[in-house]
Amino acid sequence: MLRFLAFFIFAYLFFLLLNLYLTWRRRQRNLDSRRRGKEAEEMVLDPQCQSYLPKGSAIHRGGHYFCSEECARLYLSRNQ
Ligand SMILES: [Zn+2]
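Using the working numbering, read the sequence shown as starting at 4 and increasing by one per residue.
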């Protein structure tokens, strides 16, 4: 009976540690995604239509950021 109780306590401690570990992992991942979200929020200027847009959704052409392929094409053909 005592052995069963010891096993029960051991199992309980094991699951407690596992839960702690998983919580820690989840917190680390949340910090990571928050850091990545901040990078995506960085705004860049489209030199063609003078509008700001998130760097994550901008098109990078010839050292500039554009809102669309159309703006990139117009700007680069005008500045060559
Ligand atoms: Zn544009």
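Positions of the beta carbon are idealized from the N, C-alpha and C atoms, including for glycine.
Owing to the predicted nature of the structure, the values given are computational and were not obtained by experimental measurement.
Sequence-distant Cβ neighbours of L56 in its own chain, meaning closer than 8 Å and more than five residues away, are M46, V47, D49, Y68, C70.
Looking at the DSSP output, F17 sits in no beta bridge, so it has no partner there.
Listed in chain order, the beta strand (DSSP E) elements of length 3 or more contained wholly in the stretch 28-61 are 46-49, 54-57. Membership of S80 in the alpha helix (DSSP H) is indicated by the continuous run 72-81. When the beta-carbon positions are compared, Q51 and L20 stay at least 8 Å from each other.
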